[in-house]
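Enquirer: Supplied in structure tokens, the structure appears directly below.
Right under this line is the structure:
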């Protein structure tokens, strides 16, 4: 189920992701089309789980990033 815009804003403003693992952050965000957190949090988590630098233009192809994660 996709989260609507209003709820995505509430999540972004009210959830503290400090105690989440990079894997939890990555999987939570990848399950949604809307960004649910500050992009910097998602970007860092993605780099952590993939074990490499991830350029911002790579986020256009989220399926490729997810498949790369699955193949690790």
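Residue numbers (the UniProt record's numbering): 1 to 72. Glycine included, every Cβ here is placed at the ideal spot set by N, Cα and C.
By the DSSP assignment, the alpha helix (DSSP H) with residue 70 in it spans what residues?
Expert: Walking along the chain shown from the start, residue 70 turns up at place 70. Residue 70 -> alpha helix (DSSP H) spans 62 to 71.
Enquirer: Would you mind sorting residue 39 into buried or exposed? The rule is 16 or more other CB atoms within 10 Å of its CB.
Expert: Here the question's residue 39 lines up with position 39 in the chain shown. Flag for residue 39 reads exposed.
Enquirer: Whose C-beta lies closer than 7 Å to the C-beta of residue 66 among residues of the same chain, with five residues either side of it excluded?
Expert: Looking up residue 66 in the chain shown gives position 66. Answer for residue 66: 30, listed in chain order.
Enquirer: Nearest CA to the CA of residue 70: which residue from 59, 26 and 16?
Expert: Here the question's residue 70 lines up with position 70 in the chain shown. Answer by Cα proximity: 26.
Enquirer: Starting from residue 47, trace the alpha helix (DSSP H) in both directions and tell me its first and last residue.
Expert: The residue labelled residue 47 in the question sits at position 47 within the chain shown. Per DSSP, residue 47 belongs to the alpha helix (DSSP H) from 39 to 50.
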